[in-house]
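50 is the number of the first residue of the sequence shown in the numbering used here; add one for each residue after it.
Ideal placement from N, C-alpha and C gives every residue a C-beta, glycine not left out.
Note that the structure is a prediction, hence the values are computed from the model and not measured.
Scroll down for the structure; my scribbles are underneath it.
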Amino acid sequence: MAVAVVVDATAAYLQRSGLSTLADGAALHGADLGATGADVYEGGVPEGRLEVTAAQASAAVRDYLTQVGAYRRYPGLRHTIAVDPAEDRVTVRLSAPLELPLTFPGSPDRPTVSASGSAVSGVDGR
């Protein structure tokens with residue numbers, strides 16, 4: 050039983066690590082492509098941050114997850130996206146079912162693993 054616990058814990062850790070990397074990339078993509086740019090056209094380059102819209106950030110995150118094959122790699126992958134308008138921060142939370150290599154009595158029937166990442170779209174004044 051100890052071997053099953055170690056093997057399953059390792060599988061969960063590796064999947065969470067992969068989801069964490071995906072969440073970071075999706076958040077960066079969402080913050081970058083979620084910036085409207087309208088403020089640049091209407092008033093020049095702003096100080097600090099570009100406005101990020103939830104609709105554009107969501108579309109960018111879905112596109113990123115599709116492009117990198119996340120839905121194929123993690124069947125049943127789900128994501129949520131939050132945009133904090135005060136900071137123009139995009140937060141992405143991913144969760145996916147975990148296929149445990151070994152099972153033992155008392156182990157969960159349908160375990161899931163989750164990870165999150167966030168990013169802010171900024172303007173570099175250099």
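- Scanning its chain for C-beta atoms nearer than 8 Å, with the 5 sequence neighbours on each side dropped, one finds around R127 the residues L143, S144, A145, in chain order.
- Beta-bridge annotation (DSSP): V132 is paired with V139.
- For S69, the uninterrupted alpha helix (DSSP H) run begins and ends at 51–83, by DSSP.
- Note: G166 is bridge-paired with V141 in the DSSP secondary-structure output.
- A distance of 7 Å or more separates the beta carbons of A135 and L77.
- In this structure, DSSP gives R121 a helical state, which the three-state scheme calls helix.
- Straight-line spacing of the CA atoms in A109 and L147 works out to 26 Å.
- DSSP, read as helix, strand or coil, puts R111 in helix.
- Inclusion of V101 and G74 in the CB contact set at 7 Å is not warranted, their separation being larger than that value.
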